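Student:
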Amino acid sequence: MRKNHSGIITGETDLPAYRISFPNLHSRLIDVEMRFHASEPQVILNLPAWIPGSYMIRDFARNIVSMQVTSGGNAPHVTKLDKQSWRLDGCSGEVSVHYQVYANDLSVRSAHVDSTHAYFNGTSLFLRLEGGEHEPHLVTIEPSEQLPAGAKVATTMPPVRTGERGFGDYNAHNYESLIDYPVEIAQLDECTFNVHEIEHRVAIYGQHACDFDRLSADLEQICSVHAELFGELPIERYLFLVTAVGDGYGGLEHRDSTSLICSRKELPVKLPASDSKVSKEYRRFLGLCSHEYFHLWNVKRIRPEVLKRARLDQEVHTSLLWAFEGITSYYDDLALVRSGVIEPDAYLEQLCEIVTRVMRGRGRFRQSVAESSFDAWTRFYKQDENAPNAIVSYYAKGALVALGLDVTLRTLSNDRLSLDDLMRKLWREYGHPDIGVPENGVEEAAEESLGQSLQGFFQRYVHGTHEMPLEQWFGALGIGYRLRPAGNLKDMGKVPDHPAEDPPVAAPVLGARVVDNKGAAELVSLFEASAAQQAGLAAGDRIIAVDGLQVDGQNIHDAIARLSPGHEVRLHAFRRDELMEFTLRAQLAEADTCDLWLLDASGLEESVAARRDSWLGHHG
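For the sequence shown, our numbering gives the first residue as 29, with consecutive numbering after it.
1. Are three or more beta carbon pairs between the region 397 to 407 and the region 367 to 383 nearer than 8 Å?
2. Quick test of the definition: if touching needs 3 or more C-beta pairs under 8 Å, does the region 44 to 57 touch the region 140 to 159?
3. Kindly identify the DSSP beta-bridge partner or partners of residue 692.
4. Let me know the secondary structure DSSP gives residue 436 once reduced to three states.
5. Quick check on residue 90: buried or exposed, where buried means 16 or more other Cβ atoms within 10 Å of its Cβ?
6. At the level of alpha carbons, what is the spacing between residue 499 and residue 251?
7. Which two residues bound the contiguous beta strand (DSSP E) that contains residue 550?
8. Are the CB atoms of residue 376 and residue 625 within a distance shorter than 8 Å?
9. Given this structure, state the Cα-to-Cα distance separating residue 379 from residue 154, to the nearest angstrom.
10. Can you list, in chain order, the residues of its chain with a C-beta nearer than 7 Å to that of residue 449? Leave out the 5 residues immediately preceding and following it.
11. With distance defined between alpha-carbon atoms, name the residue in 103, 132, 110 nearest to residue 125.
12. Do the CB positions of residue 121 and residue 105 come within less than 8 Å of each other?
13. Closest to residue 602 by CA distance: which of 550, 324, 224, 70 is it?
14. In three-state DSSP terms, what is residue 129?
15. Taking just the CA atoms, how far does residue 572 sit from residue 612?
16. Taking three-plus beta-carbon pairs below 8 Å as touching, is the region 169 to 177 in contact with the region 191 to 199?
17. How many Å lie between residue 382 and residue 620 at the Cα?
18. Please confirm if the region 349 to 367 is in contact with the region 304 to 323, defined as three or more CB-CB distances below 8 Å between the two stretches.
19. Under the three-state reduction of DSSP, which class applies to residue 409: helix, strand or coil?
20. Given a cut-off of 8 Å, decide if residue 440 and residue 480 are closer than it, judged by their beta-carbon atoms.
21. Any idea if residue 393 is buried or exposed, counting beta-carbon neighbours within 10 angstroms, 16 or more meaning buried?
22. Do residue 445 and residue 473 have their CB atoms nearer than 8 Å?
23. Is it true that the CB of residue 245 sits closer than 8 Å to the CB of residue 267?
24. Going along the chain, which unbroken runs of the alpha helix (DSSP H) with 4 or more residues stay wholly within the region 533 to 613?
25. Where does the unbroken beta strand (DSSP E) through residue 280 begin, and where does it stop?
26. Assign residue 426 to one of three DSSP states: helix, strand, or coil.
27. Inspect the beta-carbon positions of residue 635 and residue 614 and report whether they are closer than 8 Å.
28. Could you give the first and the last residue of the continuous alpha helix (DSSP H) run that contains residue 386?
29. With H, G and I counted as helix, E and B as strand and the rest as coil, what does DSSP make of residue 78?
30. Specify, as a first and last residue, the run of the beta strand (DSSP E) that residue 232 falls within.
31. What are the boundary residues of the alpha helix (DSSP H) that residue 63 is part of?
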């Protein structure tokens with residue numbers, strides 16, 4: 029083994045090395061050859077069962093479709109120990125493991141190849157050599173005639189020897205680093221910008237008409253806000269890997285990159301200089317970018333102690349995801365308004381949607397955000413038809429709890445402290461020195477900052493299911509708040525032009541999520557105590573008529589809305605293949621839709637007006 033002055037491995041090595049090739053893209057296969065030196069005759073290899081940042085067992089090893097092993101000219105005996113582990117007996121000297129991986133998951137969590145590109149995460153591809161995890165790992169990515177002409181490699185994995193298009197040799201300092209570098213190989217459209225003199229790159233795969241000038245300018249502002257909050261940018265480079273599709277949304281954080289998937293309509297297009305408004309779709313994409321970039325600090329470096337020493341072959345439970353995902357969800361849109369990319373009213377629209385989503389689920393009365401965090405593996409990531417009644421999102425409610433904690437710190441400290449200060453403290457004490465956060469670490473840090481107990485807050489809103497005093501929290505920020513019935517199915521709340529006007533009048537609702545299924549209204553889920561549930565309907569039922577008149581997934585809500593409160597109607601529905609009749613009593617829609625608006629500054633107390641300006645990033 030040889031290393032240069034930077035610690036990069038050069039030449040031949042006995043360390044784990046992988047060669048990635050793509051001889052059969054049409055069959056969605058990736059070829060991997062793993063080489064290492066065996067110092068003992070028995071070797072154990074395994075593949076992760078989950079990928080950090082997505083708390084669900086995915087069993088990536090099920091995609092390995094073939095495996096051949098040679099060592100010293102012989103074939104060691106291979107024994108499969110469990111669903112993701114293999115034992116090799118009879119190894120001598122250099123061992124070569126050749127295997128194929130089926131890659132047909134177009135998401136940010138796994139791997140996908142076809143005639144247009146190749147994308148993979150290391151957790152889907154790289155077998156782990158037990159005992160060799162802490163050694164540097166080498167990766168060679170080979171070009172392929174089956175890839176499009178001009179295809180190039182986009183990754184932040186440190187290069188050793190690569191060509192102009194990025195094919196060649198790379199080095200990761202250990203196995204944990206190795207699986208934290210997503211790789212995209214395709215005809216890519218790119219732009220760059222700098223934050224704190226560090227290059228940030230955006231690489232987009234897929235058809236699109238993105239205005240890169242606007243995107244890079246907006247992202248530079250947003251990323252700068254996050255970097256200034258923490259006071260440090262602990263990276264040498266950053267990469268936004270974007271897959272543009274017809275319909276899709278998601279992201280996964282890494283230490284110096286992120287993988288994103290979005291609808292191409294969410295990317296900005298060139299507009300006249302006079303039309304600089306950020307569309308709702310583009311705002312959604314910027315919020316996604318902001319969210320994953322904030323993770324650069326919060327969860328990738330400031331991370332729960334149990335995740336810092338996590339095994340990747342089994343679930344690792346923590347009650348802290350509300351802090352790492354919820355707080356991140358709070359800051360992702362807040363950074364958009366603090367950066368000046370969107371206006372305060374646009375930010376309030378985002379908050380309206382979050383509040384509305386939380387208020388429409390009765391699961392908030394049954395599960396705390398701490399419990400939601402702990403049960404992410406089995407409940408949040410494996411939701412069924414009863415999920416709205418049984419669980420709460422540590423993302424959405426976690427963001428509102430973060431807002432409440434921010435307001436509480438500001439008001440109890442006479443605006444000396446905020447959540448910004450708490451995040452900087454967590455960075456100094458845990459993130460920068462690379463120390464895991466204990467389960468009570470966030471609460472203790474908040475109390476230390478404030479100099480007084482916050483037990484009541486955390487017991488009620490983090491570990492308990494108390495209704496959040498949202499009107500009080502928003503009022504402390506100079507924000508008007510109300511809950512009202514939804515005006516229509518797409519109504520997720522709004523910033524009213526004239527808040528004094530009466531809200532929409534409540535109309536009867538079915539109380540269920542519905543999809544159209546071959547001309548019938550199929551019930552996806554029913555809300556607890558709703559008219560549909562009390563009528564005896566169940567998820568999976570397909571309603572075909574209301575009072576003898578045909579309905580489908582498009583018009584059933586209108587049919588119910590026309591009823592008088594308390595009026596009873598006959599519903600006919602198929603359950604499985606049996607026609608059944610139900611009696612439904614019309615119920616008015618609940619007040620679960622949020623409106624927010626900026627209160628007139630002239631009517632605010634001076635301290636509240638100043639607090640709002642500080643919160644929104646208006647310091648001038």
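All C-beta atoms in this analysis are idealised placements derived from N, C-alpha and C, irrespective of residue type, glycine included. Being a predicted model, the structure only gives us computed values, none of them experimental.
Tutor: According to the structure data:
1. no
2. yes
3. No answer is possible for residue 692: it lies beyond the span of the chain, which begins at 29 and ends at 648.
4. Locating residue 436 in the sequence shown gives position 408, where the first residue counts as 1. Helix.
5. The count along the sequence shown starts at 1 and reaches residue 90 at position 62. Looking at its Cβ environment, which holds fewer than 16 other Cβ atoms inside 10 Å, residue 90 is exposed.
6. Here residue 499 is taken as the residue at index 471 of the sequence shown, counted from 1. Here residue 251 is taken as the residue at index 223 of the sequence shown, counted from 1. In this structure, the straight-line span from the alpha carbon of residue 499 to that of residue 251 is close to 31 Å.
7. Counting from 1 along the sequence shown, the entry for residue 550 is found at position 522. 548 to 554 is the extent of the beta strand (DSSP E) around residue 550.
8. Numbered from 1 along the sequence shown, position 597 holds the residue referred to as residue 625. Numbered from 1 along the sequence shown, position 348 holds the residue referred to as residue 376. Yes, the pair counts as a contact, with Cβ atoms nearer than the cut-off.
9. For the purposes of this step, residue 379 is taken as the residue at position 351 of the sequence shown. For the purposes of this step, residue 154 is taken as the residue at position 126 of the sequence shown. Each residue's alpha carbon lies about 40 Å from the other.
10. One-based indexing of the sequence shown puts residue 449 at position 421. Cβ within range, chain order: 477.
11. By 1-based counting over the sequence shown, the position of residue 125 is 97. That would be 103, whose Cα lies nearest to the Cα of residue 125.
12. Taking the first residue of the sequence shown as 1, we reach residue 121 at position 93. Taking the first residue of the sequence shown as 1, we reach residue 105 at position 77. In this structure, residue 105 does not lie closer than 8 Å to residue 121 by Cβ.
13. In the sequence shown, residue 602 corresponds to position 574, counting from 1. Of the listed residues, the one whose Cα sits closest to residue 602 is 550.
14. On the sequence shown, position 101 is the one that residue 129 refers to. Of the three classes helix, strand and coil, the one that applies to residue 129 here is strand, per DSSP.
15. For the purposes of this step, residue 612 is taken as the residue at position 584 of the sequence shown. For the purposes of this step, residue 572 is taken as the residue at position 544 of the sequence shown. Distance between the alpha carbons of residue 612 and residue 572: 14 Å.
16. Yes, since at least three Cβ pairs between the region 169 to 177 and the region 191 to 199 fall closer than 8 Å, the two stretches touch.
17. Within the sequence shown, numbered from 1, the residue matching residue 382 stands at position 354. Within the sequence shown, numbered from 1, the residue matching residue 620 stands at position 592. Cα to Cα, residue 382 sits roughly 11 Å from residue 620.
18. yes
19. Taking the sequence shown and counting its residues from 1, the one referred to as residue 409 is at position 381. Of the three classes helix, strand and coil, the one that applies to residue 409 here is coil, per DSSP.
20. What you label residue 480 is simply residue 452 of the sequence shown in a count that begins at 1. What you label residue 440 is simply residue 412 of the sequence shown in a count that begins at 1. Yes.
21. On the sequence shown, position 365 is the one that residue 393 refers to. Flag for residue 393 reads exposed.
22. For the purposes of this step, residue 445 is identified with residue 417 of the sequence shown, where counting begins at 1. For the purposes of this step, residue 473 is identified with residue 445 of the sequence shown, where counting begins at 1. Not closer than 8 Å, so no.
23. In the sequence shown, counting from the first residue as 1, residue 267 sits at position 239. In the sequence shown, counting from the first residue as 1, residue 245 sits at position 217. Not a contact, by the Cβ cut-off of 8 Å.
24. 559 to 562, 584 to 589
25. Residue numbering aside, residue 280 sits at position 252 when the sequence shown is read from its first letter. Run containing residue 280: 277 to 281, per the beta strand (DSSP E) assignment.
26. Your numbering for residue 426 matches position 398 in the sequence shown. In the structure shown, residue 426 sits in a helix (DSSP, three-state: H, G or I).
27. Start at 1 with the first residue of the sequence shown, and residue 635 comes out as number 607. Start at 1 with the first residue of the sequence shown, and residue 614 comes out as number 586. Not a contact, by the Cβ cut-off of 8 Å.
28. Taking the sequence shown and counting its residues from 1, one reaches residue 386 at position 358. Residues 372 to 387.
29. As a position in the sequence shown, residue 78 is number 50, starting the count at 1. Correct three-state label for residue 78: coil.
30. Counting from one through the sequence shown, the residue named residue 232 turns up at place 204. Residue 232 -> beta strand (DSSP E) spans 226 to 233.
31. For the purposes of this step, residue 63 is taken as residue 35 along the sequence shown, with counting starting at 1. For residue 63, no alpha helix (DSSP H) segment is defined; the enclosing uninterrupted segment is the beta strand (DSSP E) at 57 to 66.
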